[in-house]
Every structure is written in C-alpha cells, then in structure tokens.
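Working notes, structure below.
Protein chains in written order, with my numbering: chain A, 1 to 248; chain B, 249 to 496.
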C-alpha cells in the first residue's frame with residue numbers, strides 16, 4: 001500500500017487523527033496509525049503543532065489599539081488585527097485590512113500567520129508556533145526514539161505569494177531533511193555551471209503534501225515516502241536576509 | 249509499480265527520454281515509455297516544450313543595446329540581457345545584472361524565463377514557449393487521441409520567489425486539470441467560512457514533480473498519478489492582475 005514507485009515517491013495521509021488539543025501526544029497518534037520507514041518525511045500542518053503547543057488566544061481577551069481599529073475599518077475584526085500587530089516582528093505592507101508582515105521566525109506572510117479558520121472553537125485565533133524548527137526537531141526526536149526509524153519532519157503553512165494567485169503550502173519548520181538543495185558548482189550535461197542552483201525542496205515537499213491534506217479534510221499529518229533528501233536543514237535558512245531582499 | 253497509495257498519490261519519472269530537438273514527437277516518446285491511466289497528470293518541463301517548438305536562439309546573432317550593456321556590467325553577457333529585454337512584456341525590477349520581468353504570458357520571474365543552462369548546445373538561449381497553455385492543450389489532445397486516456401498536462405518552470413530563497417517549480421501552462429482550487433463559501437468544521445480559500449494546486453503539482461525531475465538528471469517528463477483534480481483550468485488564471493498586485 002505504501003510502496004514508492006520505481007524512481008518516484010508516494011504521498012499519503014495519516015487518516016483519522018482526532019481533533020487536537022494542548023498537550024496531546026502527536027507522535028503517539030501518528031505511530032498508532034502508521035508504520036514509519038527510514039527516510040520517511042512526516043509533514044505536519046502548522047495548526048496541529050500550534051494546537052498541541054497551546055498557541056491559541058481568545059478574541060474576547062484582546063483590546064484593539066487605535067491603529068488596529070484603523071487598519072480593520074469596517075471589513076475586519078479589530079481584535080484580530082491587534083493580534084497580528086502584536087505577533088509581527090515587522091510590517092512589510094498594509095492595504096487595509098490586509099497586513100503583510102514578518103513573523104517571529106522571519107517568514108513574510110499575510111496576517112503574521114494568524115488564522116481564524118479551522119480553530120478548535122469559534123472566537124479563538126491560532127498563532128504560529130514560537131519556533132517551528134524546534135517543534136519539528138522535537139517531534140522528529142520522539143518519533144525516532146519510539147519507532148527506531150530515521151525520519152524527517154516538516155511543519156507547513158499555507159502562504160500567498162506576490163504575483164501569483166492562490167496559496168501554496170511551504171515549510172516553516174524542518175528537521176532531518178534537506179531544506180535548500182544547493183547544486184552550485186555542478187555542471188549540466190553541456191558543461192554550463194548551473195546558475196539558478198538552489199532548489200527549495202522543503203517548500204516543494206510541503207506543497208506536495210498539501211495536495212492530499214486539503215483544507216477541509218482536516219488531515220494534519222501526511223507522509224512523503226521514497227525521496228532521498230536526508231539532511232540537517234532548518235526552515236530558518238529560507239528567508240532572504242532583509243539587506244539582500246528586492247521586495248521589502 | 250505505479251499504484252497510488254490509499255488516499256494518496258504517486259509521482260514518478262518517465263525515464264530515458266532522449267535529448268529533444270525541434271519537431272520531435274513528445275507524445276510518442278512518452279507513450280513508448282509508459283502506460284498512461286485516466287486521471288494521470290503529465291508534467292513537462294518548459295525546456296522540453298521550448299526545444300521541440302524551436303524556441304532557441306543563438307547568442308552570436310544578438311546585438312546588445314546600450315541599455316543591455318549597462319545592465320549587464322562586467323558580470324553578465326550583454327547579449328543575454330538584450331534577449332531578456334526583447335522577450336519581456338514589462339520590467340518589474342532591475343538590480344544589475346538581475347532583471348525581474350513579466351513574460352509574454354503574464355508571469356513575473358527573473359530573466360523573462362530565459363536560461364542558458366541545460367541548453368542543447370553551448371552558445372544558445374532557450375526562450376519560454378509562446379503560449380504554454382496552448383502547448384499543454386496540444387500535448388494533452390495528442391496523448392488522448394493516441395492512448396484513449398483522459399489525462400492532464402502541466403508545463404512547469406523553476407521560479408525564484410520574493411522573500412524566500414531557492415527556486416520552486418510552478419505551472420506556466422495547463423490543460424485538463426484544476427489550476428486554482430476555489431473553496432470559497434465552504435465552511436470548516438467549526439463553521440467559519442474559509443477566508444484564504446483559493447489553493448494554487450497546479451503550482452503544487454509542479455513542485456511535487458520537480459522533486460523527482462531534478463535539474464541535473466535531465467528528466468523532462470514526470471507523471472503524477474492518483475490525484476482527483478480533473479478540470480479545465482489554464483495557467484493564465486494564475487497571475488495577479490496588475491491593478492490588484494501589491495508587489496509590482
């Protein structure tokens with residue numbers, strides 16, 4: 001059922017993981033449902049990590065600032081905007097009520113990664129994990145200890161992109177896997193040294209996983225099996241340093 | 249070998265496709281090597297399409313303009329910059345010698361999609377197909393006629409992104425598949441109407457395929473099997489209309 005095709009790989013869901021709450025043992029929930037193999041990449045939606053880490057706040061405990069009210073206008077809940085402003089490390093662009101900002105981890109996305117959908121209960125917001133690379137590393141370590149398997153973990157979120165409509169899932173945390181695959185110095189078959197030589201494989205794995213995880217299906221964990229991308233990358237390698245960034 | 253896992257999908261290469269040249273019958277090369285199934289998504293690297301469509305120019309036939317020389321400086325071949333300026337529909341940003349521009353098809357990327365690596369021979373540049381949606385539709389039709397299978401085709405290219413390092417493969421042409429999956433109006437399990445509700449599934453499929461295609465392995469065609477995403481999307485749906493675009 002889970003065999004990788006020759007020269008290829010497979011992506012499949014871990015089905016029937018229940019609604020998650022703070023303190024839940026996600027590793028146990030995964031290992032009860034699937035037999036991991038060496039080299040598997042366990043892809044976990046950010047919301048699952050945030051829920052078990054208790055990164056949920058209640059809207060009714062938030063007092064919006066004047067600035068939050070101004071950005072929110074009539075279209076948005078100013079308490080949600082206030083939460084975004086408090087979570088953001090810096091603001092990249094505002095077109096009311098949309099706020100593009102830099103997260104604690106240095107990723108640039110809408111709303112500091114805060115979302116009101118798929119929350120455990122109405123009236124709450126789910127914040128990003130405090131350190132998604134650390135969350136990935138911790139889950140990886142627990143899975144290794146209990147299963148004896150060398151697996152990787154990628155934590156994903158759905159990000160919009162400049163210039164292209166729609167969201168794609170990207171990596172915001174990683175452990176045990178190549179994140180940026182550097183082909184620098186290698187030559188193509190005609191002998192050109194490759195120019196555009198760094199491939200964001202962790203982001204591509206996140207996108208591959210989204211195609212089965214879906215938004216409405218509530219599948220927080222997906223397995224990618226058959227890729228040979230073991231490594232020690234961290235999602236923190238991904239953000240373009242501000243001084244080199246053409247678009248902020 | 250090519251069975252999709254339960255609830256999941258598989259990605260595998262079409263191996264041993266030879267070096268491609270203008271006029272080659274790509275459909276025949278694919279069908280000689282693989283038995284397609286209904287619902288398969290045939291993912292083809294842009295360079296393969298460009299080669300069979302003859303979208304190759306020789307550097308030694310290009311006379312660079314003063315502007316091209318200025319942008320090129322000492323780091324770049326001014327003839328390559330001249331080709332980029334001629335191919336671009338508009339220029340979004342220049343940081344010499346890097347040129348970010350809009351392609352004929354409306355996609356925003358570096359160098360108007362022109363690349364010098366993986367060309368058939370040294371001293372040439374490969375341009376993007378003139379209309380990648382049309383290229384995808386034509387290949388899909390030929391594959392259908394000859395195999396009797398309802399398949400989709402996605403044409404891909406490797407694009408850099410603002411804010412995130414490394415390239416990911418994205419869709420620049422599509423036929424027979426959902427491109428933007430709109431969940432608008434659907435509700436998550438807690439009853440929130442989903443906000444960020446459009447998923448760029450064709451881009452995610454392109455990224456999933458890149459993970460086996462590789463840059464150095466010269467695998468121009470990849471099969472994605474087991475996803476239920478039949479539709480009539482076109483990659484032309486993807487670009488954000490200029491007047492709504494926060495980042496140009």
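C-beta atoms are modelled at their ideal positions from N, C-alpha and C, and glycine is treated no differently.
Asked	Found
Would residue 97(A) be called buried (16 or more neighbouring beta carbons within 10 Å of its own) or exposed?	buried
If we count Cβ pairs, one from each stretch, closer than 8 angstroms, do we get three or more for the stretch 470 to 483 of chain B versus the stretch 412 to 428 of chain B?	yes
Taking the DSSP output, what are the residues bridged to residue 125(A)?	57(A)
Check this for me: beta carbons of residue 268(B) and residue 296(B), under 8 angstroms apart or not?	yes
Compare the beta carbon distance of residue 50(A) and residue 84(A) with 8 angstroms and say whether it is the shorter of the two.	no
Using a Cβ-Cβ cut-off of 6 angstroms (strictly less than) and excluding sequence neighbours within five positions of residue 352(B), which residues of its own chain qualify?	337
I need the DSSP call for residue 408(B), collapsed to helix, strand or coil.	strand
Check whether the stretch 478 to 495 of chain B and the stretch 377 to 396 of chain B touch, using three or more Cβ-Cβ pairs below 8 angstroms as the test.	yes
Return yes when at least one heavy atom of the ligand FMN lies under 7 angstroms from the C-beta of residue 362(B), else no.	By its list of ligands, the structure shown contains no ligand whatsoever, and the ligand FMN lies outside what it can speak to.
Taking buried to mean at least 16 other C-beta atoms within 10 Å of its own C-beta, is residue 125(A) buried or exposed?	buried
From the beta carbon of residue 296(B), is the nearest beta carbon of chain A less than 8 angstroms away?	no
Among residues of its own chain, excluding the 5 on either side of residue 68(A), which ones have a beta-carbon nearer than 7 angstroms to its beta-carbon?	78, 81, 82, 85
Just the chain A side, please: which residues come within less than 7 angstroms of residue 428(B) by C-beta, in chain order?	165, 166
For residue 151(A) versus residue 42(A), is the C-beta spacing smaller than 8 angstroms?	yes
In whole angstroms, what separates the C-alpha of residue 252(B) from that of residue 10(A)?	For residue 252(B), the predicted structure reports a pLDDT of 41, less than 50, and the residue's modelled location is therefore unreliable. The matter cannot be settled from this model.
Taking only three categories from DSSP, how would you classify residue 218(A)?	coil
Out of 241(A), 221(A), 99(A), 159(A), which has the shortest C-alpha to C-alpha gap to residue 449(B)?	159(A)
At the 8 angstroms Cβ level, is residue 199(A) part of the contact set with chain B, yes or no?	yes
By the criterion of Cβ-Cβ separation under 7 angstroms, what are the contact partners of residue 93(A) in chain B?	494
Can you check DSSP and say which residues form a bridge with residue 415(B)?	199(A)
Measure from the C-beta of residue 314(B) to each C-beta in chain A and report whether the shortest distance is under 8 angstroms.	no
Thinking C-alpha only, which one of 198(A), 172(A), 173(A), 171(A) is nearest residue 184(A)?	198(A)
For residue 378(B), count neighbouring C-beta atoms within 10 Å of its own C-beta (all shown protein chains included) and say buried if the count is 16 or more, exposed if not.	exposed
Could you tell me which whole beta strand (DSSP E) segments of length 3 or greater appear in the stretch 4 to 58 of chain A?	9 to 13, 41 to 45, 56 to 58
Of all the alpha helix (DSSP H) runs that stay within the bounds of the stretch 60 to 100 of chain A, which reach a length of 4 or more residues?	66 to 72, 78 to 87
How far does the beta strand (DSSP E) with residue 110(A) in it reach, from first residue to last?	108 to 110
Helix, strand or coil for residue 226(A)? Go by DSSP, reduced to three states.	coil
Could you check whether residue 153(A) and residue 14(A) sit closer than 8 angstroms to each other, using their CB atoms as the reference points?	no
Beta-carbon separation of residue 271(B) and residue 300(B) under 8 angstroms?	yes
At the 8 angstroms Cβ level, is residue 253(B) part of the contact set with chain A, yes or no?	Since pLDDT at residue 253(B) reaches only 48, below the 50 mark, its modelled position is unreliable, and the value read off the structure follows with that caveat. Cβ-Cβ to chain A under 8 angstroms: yes for residue 253(B).
Alpha carbon to alpha carbon, how far is residue 410(B) from residue 207(A)?	17 angstroms
Please confirm whether residue 240(A) and residue 412(B) have their CB atoms less than 8 angstroms apart.	yes
Does the beta carbon of residue 203(A) come closer than 8 angstroms to any beta carbon on chain B?	yes
Output the boundary residues of the alpha helix (DSSP H) element that contains residue 141(A).	132 to 147
Mapping the DSSP letters down to three states, classify residue 173(A) as helix, strand or coil.	strand
Is residue 403(B) helix, strand or coil by DSSP?	strand
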